[in-house]
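Offset between the first sequence (1-based) and the numbering used here: plus 20. Take a look at the structure below.
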Amino acid sequence: MTKDRMIKEMVLRAWQRASEDGKIRSKPDPDKIVVEIPKETVQADYATTVAMVLARLEGRPPRELAQMIQSYLQEDPRVITERVELAGPGYLNLTLKPDQWRQVLLEVEEKGKRFGQVEIGGGRRVQVEYVSANPTGPLHVGHGRWAAVGNALANLLQAAGYEVHREYYNNDSGRQVKLLGQSVHARYQQLVGNPLPDPEDGYRGTYVTELAQRLKDRVGDAYREKMFEECLGYFTQTALEEMMALIRTDLKGFGILFDSWFSEASLFETGAVQNALDELRKKDYLYEKDGALWFRSTRFSDDKDRVVRKEDGEFTYLASDIAYHRDKLSRGFDFLINIWGADHHGYIARMEAVVLALGYPKEKLRILIGQLVTLVRDGRPVPMSKRAGEFVTLRDVVNEVGKDAAVFFFLMRRLDSHLEFDLELAKRQSNENPVYYVQYAHARLCSVDRQAKEQGIQVKDSGQVQLDRLTEPEEMKLMKRLDAFPKLIEESARALEPHRLTFYLLELAGILHHYYNKHRIISDDLTLTQARLLLVSSVRTVMANALGILGVSAPERMER
RNA sequence: GCGCCUGUAGCUCAGCUGGAUAGAGCGGCAGACUUCGAAUCUGUUGGCCGGGGGUUCAAAUCCCUCCAGGCGCACCA
């Protein structure tokens, strides 16, 4: 049980007994008890506002009630507190006995990699769909953000006791893919000496030429002078495969793995699109108008109805998206998470309509919208023009700043906050760079460990270590932060906000560096040394666990 | 015009499921290596939490409104 829960139950017992003794009229209500960690200027571990709440219920001054609750808290038979103080307008500030905090070291030692894992998921199954970039161009920086966030979120949910499935939805069908094939076809012709112009609105980046070059390497000039229509299938299919291979390679280089890759084209091949539309038709959610087929999404509070099959007989992407989500929903997940870029937020309403139309509660689908990324170099935004095909790719960024820095930077902001990515900062090897700051802390502790081994210091079994030798304020601070880790996992998972872990890591690293500079871990005092080695070993474990969830490596030494 | 996101220190941002005198990093200024790794640390500087109204014992946090920026508003993906 987490400490704040223990405190909460203490408060509840106090309320209960006050009520039984007739000191107050109101019956204990756990929902009304708030236990929180007070701000740092307050010298206490926990604070509760229960007296202020009671003041309202009882119509009496909060401080008077606080005093009364305080006396009950002090009488509590299961004493884990050292002090209970009354402060401000009616706060009760509780300070735990130091030994309560020291226990966390034994727990970290015992659980190791599993320390921090919680069971709020209860084995429920969640699917996270992220990146899902169109295979018509390389991944750009924004995709990097969704990749980092999606991966970290999946890891986080796993740590919180969910069973997680990661999926990439591949839009390998439709006009855009064909256009890619055509663009590659044109560049291919140019490469083999047939000056065919690029198609109107075609893809123009240098990657198109690269794809054409690969194709040429494979088939020579076999398709020279052939019109696109004659070899449409070959060019489109090959371009698509090459593009997907590039995307997979980039993601792998970024440390992102998926459990499955779902093909949009397969939805047409298996008849899934037709089946999905049939279901909607049966429910009277489809109708014909102006030669097109419409989904009655306004029935579910969308702004307007949406076309699923165009006048020319082609299906819109919405048709396959309906089929895709129907498929996902049918797989029995407890809920689905989609991570989309801000440029797609206009589709939320219609997707929610789809979920409802298919007969599922809206809560089955949680769409997270990520705001866009601005790259900054030397204090100036890096211009990105997709039109000219001159955007900075994810690969460029990873090559420049490294995988760990990129992932960490993508996770340094709340998802719905715009992200300014400073390339120079991400590369800097100093304390200004947050990712190095954290990794260095971990490496430093590994170094201490090596040092201890070299000096032949006997590492005792954690149960044998004299924990009460740990008395410095910095040591208490470290143990308190370690203790907070499982709760952090729980809250971050609940809020679907992996970025909280980066802030936690920065804070923990800060306390550690401070501690390291002020106190020597290895000294002549053997029992103290052993206690401190256990402490820093726990810090190291927790840092590694948190970094692991983020998808950032925890190096044992830093390259110098 | 409508919708979503954002607006907090010079800069980049936490805090937003309401709680005490609003935090961090960077920058600026002044310091610390004979030390287990100085890729580190210490001190200091810095705020009408975009403006206005409301709800509450209590508002950066919730509601309304206005202003500013980003992104959307397709029979494109």
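For every residue, glycine included, the Cβ atom is placed at its ideal position computed from N, Cα and C.
In or out: residue i buried (at least 16 other Cβ within 10 Å) or exposed?
i    : result
D398 : exposed
D49  : exposed
F429 : buried
S557 : buried
R45  : exposed
S193 : buried
L392 : exposed
R122 : buried
G390 : buried
Y307 : exposed
S152 : buried
P518 : buried
G273 : exposed
G132 : exposed
D332 : exposed
L266 : buried
S340 : buried
For residue i, which residues in the same chain have their Cβ closer than 7 Å to its Cβ, ignoring the five residues on either side in sequence?
i    : result
R464 : Y536
K330 : A312 and T336
M30  : L93 and D96
D325 : W314, F315, R316, S317 and T318
E579 : none
A551 : V485, Q486, L487, R489 and L490
Q36  : P48
A75  : P81, P82, L85 and G110
R241 : With the sequence shown as reference, residue 241 is identified as Asp, and Arg is not the correct amino acid for it. Excluding residues within five positions, the ones whose Cβ falls inside 7 Å are V212.
D354 : R144, R145 and V146
DSSP three-state label for residue i, please.
i    : result
D341 : helix
E511 : helix
Q257 : helix
K497 : helix
T336 : coil
P401 : strand
L235 : helix
R560 : helix
I276 : coil
N113 : strand
L216 : coil
F282 : strand
L356 : strand
A180 : coil
R45  : coil
E331 : coil
E517 : coil
D24  : helix
R98  : coil
V572 : coil
T394 : strand
E579 : coil
I389 : strand
L106 : strand
Just checking my contact of residue i with residue j at CB under 8 Å: how many whole Å lie between their CB atoms?
i    : j    : result
V146 : Y182 : 5 Å
A64  : L32  : At roughly 19 Å, the Cβ-Cβ gap does not stay under 8 Å, so A64 and L32 are not in contact.
A369 : S437 : Actually they are not in contact, since the Cβ atoms of A369 and S437 sit about 23 Å apart, beyond 8 Å.
V421 : L439 : V421 to L439, Cβ: 14 Å. No contact.
Q210 : A179 : So it is not a contact: roughly 51 Å between Cβ atoms.
M563 : L528 : 6 Å
L546 : V458 : L546 to V458, Cβ: 31 Å. No contact.
N358 : L388 : 7 Å
E492 : H533 : That belief does not hold up - the Cβ atoms of E492 and H533 are roughly 15 Å apart, past 8 Å.
A343 : V293 : 4 Å
Tell me which same chain residues have a C-beta within less than 8 Å of the C-beta of residue i, skipping the five on either side of it?
i    : result
L235 : V204, Y208, F255, T258, A259 and E262
D24  : V55, E56, I57, Y66 and K507
D43  : Contrary to the premise, residue 43 reads as Lys rather than Asp in this sequence. Contacts found: M88.
N453 : A425, L445, A446 and K447
G483 : L126
Tell me which same chain residues have a C-beta within less than 6 Å of the C-beta of residue i, skipping the five on either side of it?
i    : result
Y111 : A67
K507 : T22
F248 : Q202 and H205
K480 : Q550
With a threshold of 7 Å (Cβ to nearest heavy atom), would residue i be considered close to the ligand FAD?
i    : result
G108 : Judged by which ligands are present, the structure shown has none, so any question about the ligand FAD falls away.
Item to check | Start-end ranges of the alpha helix (DSSP H) lying completely within the segment 418-453, minimum 4 residues | outcome: The alpha helix (DSSP H) runs of length 4 or more contained entirely in the segment 418-453 are, from start to end of the chain, 423-430 and 443-447.
Checklist entry - In chain order, which alpha helix (DSSP H) runs of at least 4 residues are fully inside the segment 47-90? => result If one requires a minimum length of 4 residues, the alpha helix (DSSP H) runs lying completely within the segment 47-90 are 70-78, in chain order.
Item to check | Continuous alpha helix (DSSP H) assignments of at least 4 residues falling wholly in the segment 115-173 | outcome: Secondary structure remark: continuous alpha helix (DSSP H) runs of at least 4 residues inside the segment 115-173, in chain order: 118-131.
Checklist entry - Enumerated in chain order, which unbroken segments of the alpha helix (DSSP H) with a length of 4 residues or greater are wholly contained in the segment 284-321? => result 284-289 and 292-302, all fully within the segment 284-321.
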